[in-house]
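Note that full-length UniProt numbering has the sequence shown beginning at 1, numbered continuously upward.
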Amino acid sequence: MSTETGSKATISCLCGSIRQTVTLSPVDTDIVFCHCTACRHMSGQLFTSYVALSSAPTSLVSLKKYNSGPDHPNLETTCYYFCSTCGCHVFQRSSYYSDSDASNDDSNDKEQFEWSVATGVITSSENDNPNHRIQWQHQKADDTKDLGLSLWLPSASNSTSTSTSNIGQKATKIPDIITVPNTRNTKDLNNIFPAACHCKRISFHLTRPSQASILPHRGYPDAMYSYAAEPERLTSNPHDEKWWLRGPEPQCTSSTSSRTPPLGVESITSFTRYFTGACVCKSCRLASGFEIQCWAFVPRCNIQFASVVEGTLDFDALPPGLLKRYESSPGVWREFCPTCGATVFYHAEKAKDVIDVSVGLFDGDRGARAEDWLEWGRERVSYAEEVREGRKDGMADWAERLLKGLEEGMKGS
């Protein structure tokens, strides 16, 4: 992905609408993972990653533009472009004015643009430098309060950065999300967990497990049992284990994720959290534009859009157009915010009562990993066997190294 003269790269989103060739900047450096509050809520991911381009994209057709802050002369702004069909984040455009031009009346004519492309959409790149093994470094990890995924992905220097600059780019100012006020009584605050995208079009909250939380049936996720290695008679969850329900956060964190035994209504009060996992499958990568998709598995009865409809999440009852839906395969849907492009939900017809919720949307007091609400499955990363799928050469090698780093970090913590 790096060369002295830059390299051509092929990019694509999940639906294929944005497929094109771009030219990466001739920068031989590590990729920056940004963990800032704005990036997490704008993408639905726990971090974002971009690579600088040497020129503007050849086409913005099928892409929707989102301004992260108000446009104002002489102020730096950042725009994001995502696929209007599948929601994949594709480009970032930073604009700024040099100090020498800021006072000129015609400063609008002096505006400078810097473009970058989301790393998850890069399927292959030409002229890779064989002498440079791309690594990563972290930016704004302190915004997460608990270091987020940087805890499990130590950089080459084994440190995190609080720098506001990006690879080959001028520093940009992105407004942080404003937490949506909660309408519940103060005494209930410990029992609701707010979530929102950056533009706040999508705002909902989780509730603690209830008796209704044990009613659904769903097969095991790949984060627990590999679909590639295990028979369907096992992955189908034949004993109806309520694996998505988890107990309180332990005083001493174990490197082994606990398994929840089959439970009945009488024991529901002992469950306070939801199982959560990380995924590196091709579909999630191309639907988000980023490398690692983290999902919390939550019953619909515990997801509430209190501002628009009371009670259990019912997709048909939500206001038309609130969420944009993309059917990624027959009977499988992904929802995203049509304004800022944040990934929101994944769900399937055969498991419609336990929904995958994108973890980057949560706004918890404890931190981005929200371990007072979520129990992370650290035994396995979903679809690890497919990490190279849809990628070639240096990009495939990069993805594999990233996966290995995450696996080692999760199991070793």
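For every residue, glycine included, the Cβ atom is placed at its ideal position computed from N, Cα and C.
Looking only at its own chain, which residues have a Cβ that is under 6 Å from the Cβ of residue i, when we skip the five neighbours before and after it?
| i | result |
| --- | --- |
| residue 67 | 79 |
| residue 398 | 134 |
| residue 55 | 23 |
| residue 254 | Because the pLDDT of residue 254 is 47, which lies under 50, any placement of that residue in the model is unreliable, and the number read from its coordinates should be weighed accordingly. Same-chain partners within the cutoff: there are none. |
| residue 39 | 48 |
| residue 248 | 272 |
| residue 58 | 20 |
By DSSP, does residue i sit in helix, in strand, or in coil?
| i | result |
| --- | --- |
| residue 360 | helix |
| residue 394 | helix |
| residue 411 | helix |
| residue 61 | coil |
| residue 8 | strand |
| residue 282 | helix |
| residue 117 | strand |
| residue 315 | helix |
| residue 324 | strand |
| residue 147 | coil |
| residue 219 | coil |
| residue 264 | Interpretation of residue 264 is limited by its pLDDT of 46, a score under 50 that renders its predicted location unreliable; no figure is taken from the coordinates. |
| residue 213 | helix |
| residue 56 | coil |
Exposed or buried, which one is residue i when buried takes at least 16 other CB atoms within 10 Å?
| i | result |
| --- | --- |
| residue 228 | exposed |
| residue 112 | exposed |
| residue 215 | exposed |
| residue 293 | buried |
| residue 319 | exposed |
| residue 308 | exposed |
| residue 61 | exposed |
| residue 239 | exposed |
| residue 329 | exposed |
| residue 299 | buried |
| residue 365 | exposed |
| residue 211 | exposed |
| residue 264 | Note that residue 264 has pLDDT 46, beneath the 50 cutoff, so the model's placement of it is unreliable and the number below is only indicative. Under this definition residue 264 is an exposed residue. |
Just checking my contact of residue i with residue j at CB under 8 Å: how many whole Å lie between their CB atoms?
| i | j | result |
| --- | --- | --- |
| residue 23 | residue 6 | 5 Å |
| residue 89 | residue 118 | 5 Å |
| residue 87 | residue 287 | 6 Å |
| residue 377 | residue 271 | Incorrect: roughly 16 Å between the Cβ atoms, too far for contact. |
Residues in its own chain within less than 8 Å of residue i by CB, not counting five upstream and five downstream?
| i | result |
| --- | --- |
| residue 234 | 220, 225 |
| residue 344 | 44, 197, 202, 323, 335, 336, 337, 357, 358, 361 |
| residue 266 | Per-residue confidence for residue 266 stands at a pLDDT of 46, beneath the threshold of 50, marking its modelled position as unreliable; the derived number appears in the next sentence. Counting only Cβ-Cβ distances below 8 Å, and skipping sequence neighbours, we find nothing. |
To which residues of the same chain is residue i closer than 7 Å at the C-beta, ignoring the five residues directly before and after it?
| i | result |
| --- | --- |
| residue 152 | 406, 409, 410, 413 |
| residue 159 | Note that residue 159 has pLDDT 44, beneath the 50 cutoff, so the model's placement of it is unreliable and no number is given. |
| residue 204 | 195, 303, 304, 305 |
Please confirm whether any heavy atom of the ligand GDP lies closer than 7 Å to the CB of residue i.
| i | result |
| --- | --- |
| residue 123 | No copy of the ligand GDP occurs in the structure displayed, which carries no ligand at all. |
Can you list the alpha helix (DSSP H) stretches of 4 or more residues lying completely in the region 224-254, in chain order?
Runs of the alpha helix (DSSP H) lying entirely within the region 224-254, each at least 4 residues long, are 232-235 in chain order.
Threshold first: 3 residues or longer. Then list the beta strand (DSSP E) segments lying entirely within the region 333-380, N to C.
Here the runs fully enclosed are 343-348, 354-358, 374-376.
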